[in-house]
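See structure below.
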Amino acid sequence: DMEKAPVVIVEYSDFECAYCRRNRELIRDLESRYPDVLRVVHRHFPLDPACNEAVEQSIHPRACRAAEAAECAALQNRYSEMADVLFENQDRLFESNLERLATRAGLDPERFRACLSSRETLAKIVADTRAGRALELTSTPPLFFNGRRVKGTLADAAKYDLAVMIEARIAAGDTLAGAPEPSSDPK
Numbered sequence: 002d003m004e005k006a007p008v009v010i011v012e013y014s015d016f017e018c019a020y021c022r023r024n025r026e027l028i029r030d031l032e033s034r035y036p037d038v039l040r041v042v043h044r045h046f047p048l049d050p051a052c053n054e055a056v057e058q059s060i061h062p063r064a065c066r067a068a069e070a071a072e073c074a075a076l077q078n079r080y081s082e083m084a085d086v087l088f089e090n091q092d093r094l095f096e097s098n099l100e101r102l103a104t105r106a107g108l109d110p111e112r113f114r115a116c117l118s119s120r121e122t123l124a125k126i127v128a129d130t131r132a133g134r135a136l137e138l139t140s141t142p143p144l145f146f147n148g149r150r151v152k153g154t155l156a157d158a159a160k161y162d163l164a165v166m167i168e169a170r171i172a173a174g175d176t177l178a179g180a181p182e183p184s185s186d187p188k
């Protein structure tokens, strides 16, 4: 049961952010190798004041609508497929292209169009950005492993593996024996 996964990664992302795209690839790889250990929670943090009060100027002007599009896809249980298509088309996230991308992700175009035009998913994006702002985020893609923030972007998959292993052991009650503890000093 994914709700009981010992390691939860919370990822804040922006569909126009190149590092976020790379991060998604690394996390997908982790998910495939640790299916029973890992649960990934995707949150939105578009670098655009249209949906993110923490940002003063728009760095990624199409990111808010792309996030809304991803959440409209989630309502059809196709978040992952849509996220992949959005990341693959980072330089083509024009409003006029979102419907074409949604079709490519296997969405019902009528439902998608209705969702996007109603702006019904905007509140979720704003809630995500406010949560991110409360965590003092200023850029993407920050990751949190079981609530611990990973500083910067991890350059290679091996470091992500290590973080997952450590968190899984801690979650299992391992004190990571062998690590020096002040109380065990005999002097």
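Following the numbering used here, the numbering of the sequence shown begins with 2 at its first residue and continues without gaps.
Glycine is no exception: its CB is placed at the ideal position from the N, C-alpha and C atoms.
The Cβ neighbour count for D175, taken over all protein chains shown within 10 Å, is under 16; the residue is labelled exposed. A Cβ-Cβ separation of about 10 Å leaves P47 out of contact with C21 under the 8 Å criterion. In the DSSP assignment, E12 falls within the unbroken beta strand (DSSP E) covering V8 to S14. Segment contact: the stretch 108–122 against the stretch 74–85, three or more CB-CB distances shorter than 8 Å; contact assigned. Remark: C-beta atoms of R134 and A106 do not approach each other more closely than 7 Å. Setting aside the 5 residues that flank it on each side, S119 has no residue in the same chain whose C-beta is closer than 6 Å to its C-beta. Look at the beta carbons and you see the stretch 48–62 touching the stretch 127–145: at least three pairs across the two are nearer than 8 Å.
If only complete runs of 4 or more residues are kept, the stretch 60–116 shows the alpha helix (DSSP H) at 64–75, 80–89 and 96–105, in order along the chain.
Beta bridge pairing from DSSP links F146 with I10 and R149. In this structure, the straight-line span from the alpha carbon of V165 to that of A172 is close to 10 Å. DSSP places V165 in the helix class (H, G or I) of the three-state scheme. The beta carbons of A68 and I10 sit no closer together than 7 Å.
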